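The numbering of the sequence shown is numbering that gives the first Met the number 0, which starts it at 0 and goes up by one. No residue lacks a Cβ here, since even glycine has one placed at the ideal position from N, Cα and C. Owing to the predicted nature of the structure, the values given are computational and were not obtained by experimental measurement. To start, the structure itself, in C-alpha cells.
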Amino acid sequence: MDKTSSTLARIAFTLVAATICVVAQASDHLADDRIAVAKAAVEHAEQAGAPEAAPIELASARDKLVRAQKANAARDLKPAAAWADQANIDAQVAEATALLARSNKAAVEFDASLQTLRQEAARSTQSTQ
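Here it is in C-alpha cells:
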C-alpha cells in the first residue's frame, strides 16, 4: 500500500509538472501570437492609407508594437501581450479612420459628379425648348 501511494504521488507530481510546462509554453506563444496580430493590423492600416489619414493613431500603434517586441525579447510576457493588444487596437482605429476619410472623399466626388450631371441635364432641357 505504501508503494501504491508513492507511485500515485509520483504520477500526480508528473502531471502537475507537465501542466505547468504546457501553460508556460502557451503563455510564451500568446505574446508572440498577439504581436503577430498587431503587426498585421499595422500593415493593414498602412495599406488602407492611415499614414495620410490617421498619422497619430498609426504612430501610436507602431510605438506600442515596438514596445511589445522589446518586452517580448526581454521575456516580459504579460506586458508584451498588453502592448501588442493596444497596438492592435490603435492600428484598427487608424485603419477605420483611413477608410472613413476615403469614403468621405468618394462621397464628395460623387456629389460633385451628380451636380455636374444635373447641370448638364438642365442645359440640355433648356436648349431643346
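Residues in its own chain within less than 7 Å of A70 by CB, not counting five upstream and five downstream?
-> Result list for A70: P78, A79, W82, in chain order.
In angstroms with no decimal places, state the Cα-to-Cα distance between I88 and A58.
-> Cα to Cα, I88 sits roughly 12 Å from A58.
Candidates S112, Q118, A67: closest to V36 by CA position = Nearest option by C-alpha distance: A67.
First through last residue of the alpha helix (DSSP H) which encompasses R74 = Where R74 is concerned, there is no enclosing alpha helix (DSSP H), given that its DSSP letter is neither H nor E.
Please report how far the alpha carbon of F109 lies from the alpha carbon of A72, in whole angstroms.
-> Taking the straight line joining both Cα atoms gives about 49 Å.
Candidates A47, T124, D31, of which the one nearest D75 by Cα | Residue D31 is the option with its Cα nearest to D75.
Please list, in chain order, all residues of the same chain as R122 whose beta carbon is under 7 Å from its beta carbon, the five residues on each side excluded.
-> Close CB contacts of R122 within its chain, under the 7 Å cut and outside five residues either way in sequence, are absent.
A47, DSSP secondary structure in three states = Here A47 sits in coil by DSSP.
DSSP three-state call for A86: helix, strand or coil?
-> Looking at A86 - three-state DSSP - the assignment turns out to be helix.
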